[in-house]
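Enquirer:
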């Protein structure tokens, strides 16, 4: 436990000294925020509140970039080996990465909310408990994903290629940039298999439509994100390598496939029921309703 | 005599098709400085990293402080300290932070302040790792190996790539640890390092121990002959060289005739006479007193390259 705390502090400190962190955790999220709030929402408070879900989801999902890069660099440069001769365990190393990431992501999310409140006059953030739960789980799950990426790649270059391949569907198929209901049907069907889609939609549901933590869709999102986060973290521990030249275990591919199960099931179900898509559509349509988002709360869900 | 603190029996380690360690055996007593001397790729690092618990062995048995490095790796790590090869610290970690962080991992520990002083790093306490010179990085690596006041220290090529002056600094540090009766296992491919620092040396080549003993023993075993290295204008047959007066052994290594002589003056006189008769000329001649290099040449027929 003490090793874990020491490592977490070290990771936070090192990340704050790193310029790449500044880009991924500060410049990029705030860039998205002002792009969405200022241009897409034309600065209207209701529009900003509507878009806050996708913006925060992007901030949270960005976790995996920095984390995978940091772990691969640590391994490539032989830094992990130095820790390997000490009593530090792989789980100390991995859990500290995730907690450090959480500690570093939360301030960015809070500042985004403060910007929304004081620059764009958003007066309500819907259900903050639901939002916080989703943010915490999202940060953990996507940080674990970053650790997995770091474990299945050998060099920084490989990591960045994989990161790009993951990042593009995350932002374009999840409804984070283009609302789900505006996407072509085929793309929508694919998007329903992505964890990102549920993070985006349910964050929006929580902030814009004030969905309570016990409402059905939030529970489903929290449940599937939790299972996914646990599986991904477990996988990252299985795949963890201290040495740059040690091989990726052959069972890895099977395990990677196993982590896809929760969202594969949810995706199949959602493709049948169409709940998430119709909600996304309804949320967008309510933007133009004179009464705004809060009139929705009385509707049956 | 007490049981050895490190025991290695018939150690085998392969990487794919390459056998890096092919049946290495030795033991190290408490308080001893033990050296593994050999060229790059001889299997020294693999051997040491198995003892540290960083790598799995493929065959044989090892024990360190009475522990199995694989099974009892957690307990062992509290007992050992190591300065590894091809390792690094995060660029933007400060010297003092590194010492504090690493000392926090252990049950037992030395005061990081004291280590900072002892290794002459006081002025660098707040310097980022990446701004340290090669020598400072190595001193920090040695200081970090001591944070848990370990029973056994492993130094893998502690002076590789350092300039001669810095190398001597590191020697002083190791000699001081030796006076404190620390058990040290070190690898090196520098002859003078092994001769100066080690109580006993195992000469390793192609994953095998080719000779083992104190530096003095090893040198006597090689006959206590003087090495004469001769470069000639025209090639000469080894046979002719062997017939020179006082020559016990003659080999050609990369265009240099290496002669081992019991009576160097006579050998040189007879060499000059021989060359005159053959119409050959001497390009250069060097005389070296007996060293572990001679043992290596004798055992392997090759030179141990610096």
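Residue numbers (this note's numbering), protein chains in the order written: chain A, 889 to 1189; chain B, 267 to 572. Positions of the beta carbon are idealized from the N, C-alpha and C atoms, including for glycine. On a predicted model such as this, the values are computed, not experimentally measured, just so you know.
Would DSSP call residue 363 of chain B helix, strand or coil?
Expert: Numbered from 1 along the second chain, position 97 holds the residue referred to as residue 363 of chain B. Of the three classes helix, strand and coil, the one that applies to residue 363 of chain B here is helix, per DSSP.
Enquirer: Roughly how many angstroms separate the alpha carbons of residue 331 of chain B and residue 420 of chain B, rounded to a whole number?
Expert: Numbered from its first residue, the second chain carries residue 331 of chain B at position 65. Numbered from its first residue, the second chain carries residue 420 of chain B at position 154. Distance between the alpha carbons of residue 331 of chain B and residue 420 of chain B: 13 Å.
Enquirer: May I have the straight-line CA-CA distance separating residue 356 of chain B from residue 436 of chain B, to the nearest angstrom?
Expert: Stepping through the second chain from its first residue, residue 356 of chain B is reached at position 90. Stepping through the second chain from its first residue, residue 436 of chain B is reached at position 170. Approximately 23 Å, taken between the alpha carbons.
Enquirer: Rounded to a whole number of angstroms, what is the C-alpha to C-alpha distance between residue 975 of chain A and residue 900 of chain A?
Expert: One-based indexing of the first chain puts residue 975 of chain A at position 87. One-based indexing of the first chain puts residue 900 of chain A at position 12. Near 21 Å, if we compare the C-alpha coordinates of residue 900 of chain A and residue 975 of chain A.
Enquirer: Excluding five sequence neighbours on each side, which residues of the same chain lie with their C-beta closer than 6 Å to the C-beta of residue 329 of chain B?
Expert: Position 63 of the second chain holds residue 329 of chain B. Excluding residues within five positions, the ones whose Cβ falls inside 6 Å are 273.
Enquirer: For the 8 Å Cβ check, are there 3 or more pairs between the stretch 989-1000 of chain A and the stretch 1041-1051 of chain A?
Expert: Counting Cβ pairs under 8 Å, fewer than three are found: no touch.
Enquirer: Excluding the five sequence neighbours on either side, which residues of its own chain have a C-beta within less than 8 Å of the C-beta of residue 1144 of chain A, listed in chain order?
Expert: Locating residue 1144 of chain A in the first chain gives position 256, where the first residue counts as 1. Cβ within range, chain order: 1036, 1040, 1123.
Enquirer: Less than 8 Å between the C-beta atoms of residue 1027 of chain A and residue 989 of chain A, yes or no?
Expert: As a working mapping, residue 1027 of chain A is identified with position 139 in the first chain. As a working mapping, residue 989 of chain A is identified with position 101 in the first chain. In contact: residue 1027 of chain A and residue 989 of chain A (Cβ atoms closer than 8 Å).
Enquirer: Measuring CB to CB, does residue 469 of chain B end up less than 8 Å from residue 303 of chain B?
Expert: To locate residue 469 of chain B, count along the second chain from 1; it is residue 203. To locate residue 303 of chain B, count along the second chain from 1; it is residue 37. The answer is yes: Cβ separation under 8 Å.
Enquirer: Using a Cβ-Cβ cut-off of 7 Å (strictly less than) and excluding sequence neighbours within five positions of residue 447 of chain B, which residues of its own chain qualify?
Expert: Position 181 of the second chain, counted from the start, is the residue given in the question as residue 447 of chain B. For residue 447 of chain B, where only same-chain residues beyond five positions count, the Cβ hits under 7 Å are 297.
Enquirer: My output table needs one value for residue 904 of chain A: the three-state DSSP class, helix, strand or coil.
Expert: Taking the first residue of the first chain as 1, we reach residue 904 of chain A at position 16. Correct three-state label for residue 904 of chain A: helix.
Enquirer: Is the Cβ of residue 1079 of chain A closer than 8 Å to any Cβ of chain B?
Expert: The residue given as residue 1079 of chain A occupies position 191 in the first chain. So no, residue 1079 of chain A is outside the interface.
Enquirer: Excluding the 5 residues flanking residue 837 of chain A on each side, which residues of the same chain have their C-beta closer than 7 Å to its C-beta?
Expert: Outside the shown range of chain A (889 to 1189) lies residue 837 of chain A, about which nothing can therefore be said.
Enquirer: Grab the span of the alpha helix (DSSP H) containing residue 1048 of chain A for me, first residue to last.
Expert: Stepping through the first chain from its first residue, residue 1048 of chain A is reached at position 160. 1044-1060 is the span of the alpha helix (DSSP H), which, as asked, contains residue 1048 of chain A.
Enquirer: Establish whether the CB of residue 293 of chain B and some CB of chain A are separated by less than 8 Å.
Expert: Taking the first residue of the second chain as position 1, residue 293 of chain B is located at position 27. No, no contact with chain A.
Enquirer: Would you identify the three-state DSSP class for residue 323 of chain B, choosing helix, strand or coil?
Expert: Here residue 323 of chain B corresponds to residue number 57 of the second chain, with the count starting at 1. Coil, per DSSP.
Enquirer: Have a look at residue 527 of chain B and residue 492 of chain B and give me their C-alpha separation to the nearest angstrom.
Expert: For the purposes of this step, residue 527 of chain B is taken as residue 261 along the second chain, with counting starting at 1. For the purposes of this step, residue 492 of chain B is taken as residue 226 along the second chain, with counting starting at 1. Each residue's Cα considered, the two are about 5 Å apart.
Enquirer: Closer than 7 Å: is that where the CB of residue 418 of chain B sits relative to any heavy atom of the ligand MN?
Expert: In terms of ligand content, the structure shown is empty, and the ligand MN therefore cannot be addressed.
Enquirer: Mind listing which residues of the stretch 360-393 of chain B have their C-beta closer than 8 Å to chain A's C-betas, in chain order?
Expert: For the stretch 360-393 of chain B, which is checked against every Cβ of chain A, the residues closer than 8 Å are 363, 367, 368, 370, 371, 372.
Enquirer: Taking a Cβ distance cut-off of 7 Å, strictly less, list which residues of the stretch 966-992 of chain A are near chain B, in chain order.
Expert: Of all residues in the stretch 966-992 of chain A, 966, 967, 969, 970, 972, 973, 974, 975, 976 have a Cβ within less than 7 Å of some Cβ in chain B.
Enquirer: Name, please, each residue of chain A whose Cβ falls closer than 8 Å to the Cβ of residue 348 of chain B.
Expert: Taking the first residue of the second chain as position 1, residue 348 of chain B is located at position 82. Those within 8 Å of residue 348 of chain B in chain A are 973.
Enquirer: Going along the chain, which residues of the stretch 1043-1064 of chain A sit with their C-beta nearer than 7 Å to a C-beta in chain B?
Expert: The stretch 1043-1064 of chain A vs chain B, Cβ under 7 Å: nothing.
Enquirer: In chain D, which residues lie with their C-beta within 7 Å of the C-beta of residue 894 of chain A?
Expert: Considering every chain present, this structure includes no chain D. Its protein chains are A and B.
Enquirer: If you draw a straight line from the C-alpha of residue 425 of chain B to the C-alpha of residue 337 of chain B, how long is it?
Expert: Indexing the second chain from 1 puts residue 425 of chain B at position 159. Indexing the second chain from 1 puts residue 337 of chain B at position 71. Approximately 31 Å between the Cα atoms of the pair.
Enquirer: Roughly how many angstroms lie between the CA atoms of residue 485 of chain B and residue 536 of chain B, to the nearest whole one?
Expert: For the purposes of this step, residue 485 of chain B is identified with residue 219 of the second chain, where counting begins at 1. For the purposes of this step, residue 536 of chain B is identified with residue 270 of the second chain, where counting begins at 1. Residue 485 of chain B and residue 536 of chain B: Cα-Cα distance of roughly 25 Å.
Enquirer: Do residue 504 of chain B and residue 480 of chain B have their CB atoms nearer than 8 Å?
Expert: For the purposes of this step, residue 504 of chain B is taken as residue 238 along the second chain, with counting starting at 1. For the purposes of this step, residue 480 of chain B is taken as residue 214 along the second chain, with counting starting at 1. No, Cβ-Cβ distance for residue 504 of chain B and residue 480 of chain B is not below 8 Å.
Enquirer: For residue 345 of chain B versus residue 444 of chain B, is the C-beta spacing smaller than 8 Å?
Expert: In the second chain, counting from the first residue as 1, residue 345 of chain B sits at position 79. In the second chain, counting from the first residue as 1, residue 444 of chain B sits at position 178. Not closer than 8 Å, so no.
Enquirer: Who does residue 380 of chain B pair with in a DSSP beta bridge?
Expert: As a first step, residue 380 of chain B must be located in the second chain, where it is residue number 114. Its beta-bridge partners do not exist; DSSP assigns none.
Enquirer: Pick from B:361, B:395, B:394: whose alpha carbon is nearest that of residue 382 of chain B?
Expert: In the second chain, residue 382 of chain B corresponds to position 116, counting from 1. Among B:361, B:395, B:394, the Cα nearest to that of residue 382 of chain B is on B:361.
Enquirer: Return the chain-ordered list of same chain residues with a C-beta closer than 7 Å to the C-beta of residue 1120 of chain A, the five sequence neighbours on each side being excluded.
Expert: Residue 1120 of chain A sits at position 232 when you count from the first residue of the first chain. Counting only Cβ-Cβ distances below 7 Å, and skipping sequence neighbours, we find 1029, 1032, 1033, 1036, 1147.
Enquirer: Compare the C-beta of residue 1205 of chain A against all C-beta atoms of chain B and say whether one is closer than 8 Å.
Expert: Summary: the structure shown does not reach residue 1205 of chain A, with chain A confined to residues 889 through 1189, and so no result is reported for it.
Enquirer: What residues in the stretch 303-328 of chain B have a beta carbon less than 7 Å from any beta carbon of chain A?
Expert: So the close ones are 318, 320.
Enquirer: Is the stretch 953-962 of chain A touching the stretch 934-945 of chain A in the sense that three or more CB pairs, one from each, lie closer than 8 Å?
Expert: No: fewer than three Cβ pairs fall under 8 Å.
Enquirer: Which residues, in order along the stretch 896-913 of chain A, keep a beta-carbon less than 9 Å from a beta-carbon of chain B?
Expert: Listed by position, the residues of the stretch 896-913 of chain A near chain B (Cβ gap below 9 Å) are 897, 898, 901, 902, 905, 906.
Enquirer: Tell me, please, whether the CB atom of residue 890 of chain A is closer than 8 Å to any CB atom in chain B?
Expert: Walking along the first chain from the start, residue 890 of chain A turns up at place 2. Closer than 8 Å: yes.
Enquirer: For residue 460 of chain B, which option in B:286, B:557, B:342 has the closest C-alpha, if you only look at C-alpha atoms?
Expert: Indexing the second chain from 1 puts residue 460 of chain B at position 194. Checked all of B:286, B:557, B:342; the closest Cα to residue 460 of chain B is B:557.
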